[in-house]
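Colleague: Can you keep this structure in mind? I'll have questions shortly.
Protein chains: 2
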Amino acid sequence: MTTRRRSRSARATRRAQRTRPRHDMLPTLVGKLPLCEPMDAEQLHRIDAASMDILQEVGVVFRDPVALQDWQQAGARVEGERVYFDAAHIRELIASIPSEITYHARNPDKNVSVGGRNSIFVPMTGAPYVCDLENKRRLPTLDDLAIFHKLAQMSPAMHSSAHHIVEPMDHVISHRHLRITYSSMKHSDKTFMGMTTSGKNAEDVLDMCAILFGADFLEQHAVVTGNCNGNSPLVWDETMLSAMRAFNRRNQPVLCSPFVLGGANTPSSVPAAVAQLNAEALSALAYTQVVRKGCPAIYGHYLSTVSMQSGAPMAGTPEISLMNFMIGQMARHYNIPWRTSNTLGGSKLFDAQSGYESATTLAAVIHSGAHYIWHSAGWNEAGMHCSMAKFVVDAEQCAAAYRLAEGIKWDDFGDALAAVRDIGPGGHYLGHPHTLAHFENAFFMPKLFDNNSIEQWSAEGSLDTVDRALNQVRKLLDEYVEPTLDPAVDEALRDYIDRREAEIPAMEALNQEY
Amino acid sequence: MTTRRRSRSARATRRAQRTRPRHDMLPTLVGKLPLCEPMDAEQLHRIDAASMDILQEVGVVFRDPVALQDWQQAGARVEGERVYFDAAHIRELIASIPSEITYHARNPDKNVSVGGRNSIFVPMTGAPYVCDLENKRRLPTLDDLAIFHKLAQMSPAMHSSAHHIVEPMDHVISHRHLRITYSSMKHSDKTFMGMTTSGKNAEDVLDMCAILFGADFLEQHAVVTGNCNGNSPLVWDETMLSAMRAFNRRNQPVLCSPFVLGGANTPSSVPAAVAQLNAEALSALAYTQVVRKGCPAIYGHYLSTVSMQSGAPMAGTPEISLMNFMIGQMARHYNIPWRTSNTLGGSKLFDAQSGYESATTLAAVIHSGAHYIWHSAGWNEAGMHCSMAKFVVDAEQCAAAYRLAEGIKWDDFGDALAAVRDIGPGGHYLGHPHTLAHFENAFFMPKLFDNNSIEQWSAEGSLDTVDRALNQVRKLLDEYVEPTLDPAVDEALRDYIDRREAEIPAMEALNQEY
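Have a look at this one:
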């Protein structure tokens, strides 16, 4: 047993460490937990063979003249807009996709990796509504977006500031991608995502990346991620493909994401839906290598299942979990980093449904071994709104899941067993030196969940999860410190935006409230 | 494609099937999903060796003269109340525990099994408060308990009616076990649990089981489950041990459950906490075989981790998930069925926190392969209340998890792939015969979660999860049909209760409100 004096001083130090705000980013998650692999080798090969049959015999539609020409030149059979692929050709093309990607952030301490057992959490994007600091659902502004980028910056388990977490509706749509990109770059020094709303917009994002990182640096390093959704079944369109090419040509990775509404645009069968999705993903992944051999690319997907009673997409269902496990196996088979979606849900409120759906999704994601874990904070109402309250709760739950994925810590096992001998039957461990030295790291303590007695909880105002989370959002915004950005770079970015906004016609904003 | 007439008629049949209330119990869950096993063989043996060292060198306190005498006669070294065990002796004793148990329900169609890949879901028990049909937290009555037994009967994924889901506070405490047992037997024909509040109370439960099943049948078949909590670290007390003996002597299984508050009554180390818990469980499991060799028994535990800031127990933390995975490995190593706790949470409300904690726990439980999945519906506020709303939501989520655990269904894979060829790029599957034939079984649709648009949700009254769940509770209670019980048996049970209530002094109820 340590002396009282020493123990008091150690306790004071620990208390001081606890009270200092800690917003340091967690490093890349290096998973150690074994993954859930529900397919044996024969079943995996059945999926692979079925996908190759689809690619060869059904084909994939590329609604884009450039892509069709590219495929023809690459040696694929093109009939109209439909491209038929030889399995060997697909395998040869995807073989040049790097199995790991290191993302360079403007703060090199915040570089992260995906691939192998390396994973990162990325906030949600694309919400046309916000649930704000008063938990009111409304159209979002550029200031709301800035708040989310600040929260991403301050959430230890968020490895990226993403891009349009909410749509800044107070800005004309044709200029929006510039302001979104600047907000991601300015309010956070983590890696971020790039808009793919058109080929031209993607070029703007990449030009801004060249300003932030240098054009030569960009050529050699991944600094931004784009996303290109497929139109399942088996269609890729011009908007997405032109943005994909813009990213590929600058050697930047894109998520190749078939958009699955299970039962509506796939068969009503989990393995057949995966076989179709796999064919779709492979066709786009192969295309990235036609555009630029060796360019990094990520096996993507968006997964939901559809309620046949209402036609509504559902989240957190067992089939989505199974499909995640299977897609993980396929991506590892092809040795390509892969993306999934996290903490999804369809609730209109941040209520119990929202919690169940989000946690169910998060658990499946961890057991699936996904690398690029997108939509990891804020998603609610099937993506129609991003909730400030939910953002911080999801971010904390991702930090908890990070601990889970790290697996069992054996380093102090011997000391801890010695404590069992010290304490013996009927004692307690609260004052034991091993407990004092290890409890903070041994057991994760969520700050946003209340585990006190009902008496204490009542005395503290009977706050629900939303109340506590919004208090935390306010606290984080008070503590926020903007990361330093070289003033010359900042000015160059602003100049670029000014120039482009003068060049691009200001199309009317979608909504007239702003 | 099928004809319109045929398709319409098939659709009408399906609609009729959907509208008919379906409350059939799901059979025993036979898991097919691979389990999460974070320990390799060497690590598993480190835990086993550490537990055996604890049993040999630290010993376990049995605060019970009968048990101490039993252990002495069995050849263990007894010093005062402390028993020291030889590892070989422990291994020899636990070797006679059956690796599977079939529970016989009074309706044989509802027999279930635990062990191997067989698992069952059992509702929560022991809540001193109820959150009722108006979502009001108050002291529960015997009528409230009956409501929960009816809900357990009507929930397809609940395989048991358990016992005192809530404490019937309107009944004197010394008679309560009789009324609780009768309520379990009367309102449900599923298997149930037996009170272990004392050896005498346990005898009453077993006498009532003998009336329901026949004394000879009882001797040869498991019909009821008791639970005996340990006083961690390393203590078993007389109340629990006397109840355990009562069950063992009648050949009925008991959950041998160390009660872990990680960090408070275990070391602040996941593997060392598991080593201690494992030693505790083994000592009680071995004792069941001293009492009656070959008697079924279940490796139990209650797991929480403690917030070192408040002392409060926490649920859904990553360490609890890891411990579940590890305990699963240990129990499989010893080839003994094991119990875990499901859908736990500390929230005072049925809110987002409650959803996250419950779903996180449920996911860990499924990946751990637990057999006797207790506390699977209703648990909230760290077990201080059982919520009627949460009960039905948890039960539906268990049905979803049941699907997950069943794994991938390959039976219609070929037909589903043929549909991909039929539909081709850019089509949709909604009218395809394969979709019509399979969508209901292909994708789980939770009825209590709302996935409609916000417009439709608003038009339907903007109900939250609690509102929808309580509507469902009311609907179920309207549809409830009491399962037939032989009037002679019913009379014999009532006579037994009358006689025992005359014999047992009516101790004052804990609370004077009733």
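Respectively, the protein sequence lines represent chains A and B.
1 is the number of the first residue of the first sequence in this note's numbering; add one for each residue after it.
1 is the number of the first residue of the second sequence in this note's numbering; add one for each residue after it.
Yeah, the Cβ is synthetic: ideal placement off N, Cα and C, and Gly gets one too.
Quick caveat, the model's predicted, so the values are computed rather than measured.
If you draw a straight line from the alpha carbon of residue 500 of chain B to that of residue 85 of chain B, how long is it in whole angstroms?
Modeller: Within the second sequence, residue 500 of chain B is the residue found at index 500, counting from 1. Within the second sequence, residue 85 of chain B is the residue found at index 85, counting from 1. Spanning the two alpha carbons is a distance of roughly 40 Å.
Colleague: Under a three-way DSSP split, which group does residue 408 of chain B fall into?
Modeller: Here residue 408 of chain B refers to the residue found at position 408 of the second sequence. Coil.
Colleague: May I ask you to report which of helix, strand or coil DSSP gives residue 118 of chain A?
Modeller: On the first sequence, position 118 is the one that residue 118 of chain A refers to. Here residue 118 of chain A sits in strand by DSSP.
Colleague: Going by DSSP in three states, residue 250 of chain A sits in which element: helix, strand or coil?
Modeller: On the first sequence, position 250 is the one that residue 250 of chain A refers to. In this structure, residue 250 of chain A counts as coil in the three-state DSSP scheme.
Colleague: Do you know how far the Cα of residue 387 of chain A is from the Cα of residue 127 of chain A?
Modeller: Residue mapping note: residue 127 of chain A aligns to position 127 of the first sequence, counting from 1. Residue mapping note: residue 387 of chain A aligns to position 387 of the first sequence, counting from 1. Looking at the two C-alpha atoms, the distance is approximately 9 Å.
Colleague: Assuming contact is defined by CB atoms lying nearer than 8 Å, are residue 303 of chain B and residue 323 of chain B in contact in what I supplied?
Modeller: Stepping through the second sequence from its first residue, residue 303 of chain B is reached at position 303. Stepping through the second sequence from its first residue, residue 323 of chain B is reached at position 323. Yes, Cβ-Cβ distance for residue 303 of chain B and residue 323 of chain B is below 8 Å.
Colleague: Grab me the residues of residue 47 of chain A's own chain with a C-beta within less than 8 Å of its C-beta, minus the 5 sequence neighbours each way, in chain order.
Modeller: Stepping through the first sequence from its first residue, residue 47 of chain A is reached at position 47. Result list for residue 47 of chain A: 39, 271, 274, 275, 278, 326 and 330, in chain order.
Colleague: Under a three-way DSSP split, which group does residue 350 of chain B fall into?
Modeller: For the purposes of this step, residue 350 of chain B is taken as residue 350 along the second sequence, with counting starting at 1. Note: residue 350 of chain B maps to coil in three-state DSSP.
Colleague: Applying the criterion that 16 or more other CB atoms from any shown protein chain within 10 Å of the CB defines a buried residue, is residue 191 of chain A buried or exposed?
Modeller: For the purposes of this step, residue 191 of chain A is taken as the residue at position 191 of the first sequence. Counting Cβ neighbours within 10 Å, residue 191 of chain A comes out buried, since at least 16 surround it.
Colleague: Is residue 511 of chain B helix, strand or coil when you go by DSSP?
Modeller: As a first step, residue 511 of chain B is located in the second sequence; it is residue number 511 there, counting from the start. Its pLDDT being 43, under 50, residue 511 of chain B is placed unreliably by the model, and the measurement read from it follows with that caveat. Coil.
Colleague: If the criterion is Cβ atoms closer than 8 Å, does the pair residue 93 of chain A and residue 81 of chain A meet it?
Modeller: The residue you call residue 93 of chain A lines up with position 93 of the first sequence. The residue you call residue 81 of chain A lines up with position 81 of the first sequence. No, these two residues do not count as a Cβ contact at 8 Å.
Colleague: Please report the straight-line C-alpha distance between residue 262 of chain B and residue 320 of chain B, rounded to a whole angstrom.
Modeller: Working through the second sequence from its first residue, we reach residue 262 of chain B at position 262. Working through the second sequence from its first residue, we reach residue 320 of chain B at position 320. Those two C-alpha atoms are separated by around 9 Å.
Colleague: Determine whether the beta carbon atoms of residue 162 of chain A and residue 108 of chain A lie at a separation below 8 Å.
Modeller: In the first sequence, the residue the question calls residue 162 of chain A occupies position 162. In the first sequence, the residue the question calls residue 108 of chain A occupies position 108. No, the pair does not count as a contact, with Cβ atoms beyond the cut-off.
Colleague: Hey, out of B:44, B:119, B:106 and B:70, whose CA is closest to residue 367 of chain B's CA?
Modeller: Taking the first residue of the second sequence as position 1, residue 367 of chain B is located at position 367. Of B:44, B:119, B:106 and B:70, the residue nearest in Cα terms is B:119.
Colleague: If we count the other Cβ atoms within 10 Å of its Cβ and call it buried at 16 or more, is residue 494 of chain B buried or exposed?
Modeller: For the purposes of this step, residue 494 of chain B is taken as residue 494 along the second sequence, with counting starting at 1. Looking at its Cβ environment, which holds fewer than 16 other Cβ atoms inside 10 Å, residue 494 of chain B is exposed.
Colleague: What span of residues does the beta strand (DSSP E) with residue 287 of chain A cover, start to end?
Modeller: In the first sequence, counting from the first residue as 1, residue 287 of chain A sits at position 287. Taken as a continuous stretch (DSSP letters only), residue 287 of chain A belongs to no beta strand (DSSP E), being part of the alpha helix (DSSP H) at 270–291.
Colleague: Whose C-alpha, out of A:211, A:447 and A:237, is nearest the C-alpha of residue 485 of chain A?
Modeller: As a working mapping, residue 485 of chain A is identified with position 485 in the first sequence. Per the Cα distances, A:211.
Colleague: Buried or exposed for residue 252 of chain B, going by 16 or more other Cβ atoms inside 10 Å?
Modeller: By one-based count along the second sequence, residue 252 of chain B stands at place 252. Buried, because 16 or more other Cβ atoms sit within 10 Å of the Cβ of residue 252 of chain B.
Colleague: Which residues, taken in chain order from the segment 251–268 of chain B, show a beta carbon closer than 7 Å to some beta carbon of chain A?
Modeller: Answer in chain order: 262, 263, 264, 265, 266, 267 and 268.
Colleague: Suppose only complete runs of 4+ residues qualify. What are the alpha helix (DSSP H) ranges in the segment 409–439 of chain A, listed by chain order?
Modeller: Those alpha helix (DSSP H) runs which fall completely within the segment 409–439 of chain A and span 4+ residues are 413–423.
Colleague: Taking just the CA atoms, how far does residue 174 of chain B sit from residue 504 of chain B?
Modeller: Translated into the one-based positions of the second sequence, residue 504 of chain B becomes position 504. Translated into the one-based positions of the second sequence, residue 174 of chain B becomes position 174. Approximately 7 Å, taken between the alpha carbons.
Colleague: Closer than 7 Å by beta-carbon distance: list the chain A residues that pair up with residue 400 of chain B, in chain order.
Modeller: The count along the second sequence starts at 1 and reaches residue 400 of chain B at position 400. Under the 7 Å cutoff, chain A gives 317 and 318.
Colleague: Do you know how far the Cα of residue 355 of chain A is from the Cα of residue 435 of chain A?
Modeller: On the first sequence, position 435 is the one that residue 435 of chain A refers to. On the first sequence, position 355 is the one that residue 355 of chain A refers to. So the alpha carbons of these two residues sit roughly 32 Å apart.
Colleague: Specify the secondary structure class of residue 314 of chain B as computed by DSSP and reduced to three states.
Modeller: Locating residue 314 of chain B in the second sequence gives position 314, where the first residue counts as 1. In this structure, residue 314 of chain B counts as strand in the three-state DSSP scheme.
Colleague: Going along the segment 358–372 of chain A in order, which residues come within less than 7 Å of chain B, judged by CB to CB distance?
Modeller: Taking 7 Å as the Cβ-Cβ cut-off against chain B, the residues of the segment 358–372 of chain A that qualify are 358, 359, 360, 363 and 367.
Colleague: Would a check of beta-carbon distances place residue 114 of chain A closer than 8 Å to chain B?
Modeller: Locating residue 114 of chain A in the first sequence gives position 114, where the first residue counts as 1. It does not; no Cβ of chain B falls within 8 Å.
Colleague: Taking only beta carbons into account, state which residues of the segment 57–80 of chain B come closer than 8 Å to chain A, listed in chain order.
Modeller: Taking 8 Å as the Cβ-Cβ cut-off against chain A, the residues of the segment 57–80 of chain B that qualify are 57, 58, 59, 60 and 61.
Colleague: What runs of the beta strand (DSSP E), each 3 residues or longer, lie entirely inside the segment 125–196 of chain A?
Modeller: Counting only runs of 3 or more, we get 129–131.
Colleague: Of all the residues that make up the segment 489–501 of chain B, which are near chain A by a beta-carbon distance shorter than 7 Å?
Modeller: Cβ contacts with chain A: none found.
Colleague: Between which two residues does the beta strand (DSSP E) carrying residue 338 of chain B extend?
Modeller: Counting from one through the second sequence, the residue named residue 338 of chain B turns up at place 338. Looking at the DSSP string, residue 338 of chain B is not in any beta strand (DSSP E), and its letter there is neither H nor E.
Colleague: Would you say residue 350 of chain A and residue 459 of chain B are within 8 Å of each other, going by their C-beta atoms?
Modeller: Stepping through the first sequence from its first residue, residue 350 of chain A is reached at position 350. Stepping through the second sequence from its first residue, residue 459 of chain B is reached at position 459. No, the pair does not count as a contact, with Cβ atoms beyond the cut-off.
Colleague: Roughly how many whole angstroms lie between the Cα atoms of residue 360 of chain B and residue 79 of chain A?
Modeller: What you label residue 360 of chain B is simply residue 360 of the second sequence in a count that begins at 1. What you label residue 79 of chain A is simply residue 79 of the first sequence in a count that begins at 1. If I take the Cα positions, the gap works out to 49 Å.
Colleague: Just how far apart, CA to CA, sit residue 3 of chain A and residue 343 of chain A?
Modeller: Stepping through the first sequence from its first residue, residue 3 of chain A is reached at position 3. Stepping through the first sequence from its first residue, residue 343 of chain A is reached at position 343. Caution is warranted here: a pLDDT of 42 is assigned to residue 3 of chain A, below 50, making its placement in the model unreliable, and no coordinate value can be reported.
Colleague: With distances taken from CA atoms, which of B:282, B:402, B:456 and B:74 is nearest residue 97 of chain B?
Modeller: As a position in the second sequence, residue 97 of chain B is number 97, starting the count at 1. When only C-alpha atoms are compared, the closest one is B:282.
Colleague: Just verifying my parser: in three-state terms, what is the DSSP assignment at residue 504 of chain B?
Modeller: The residue labelled residue 504 of chain B in the question sits at position 504 within the second sequence. Coil at residue 504 of chain B, not helix or strand.
Colleague: With H, G and I counted as helix, E and B as strand and the rest as coil, what does DSSP make of residue 496 of chain B?
Modeller: As a position in the second sequence, residue 496 of chain B is number 496, starting the count at 1. Reduced to three states, the DSSP call for residue 496 of chain B is helix.
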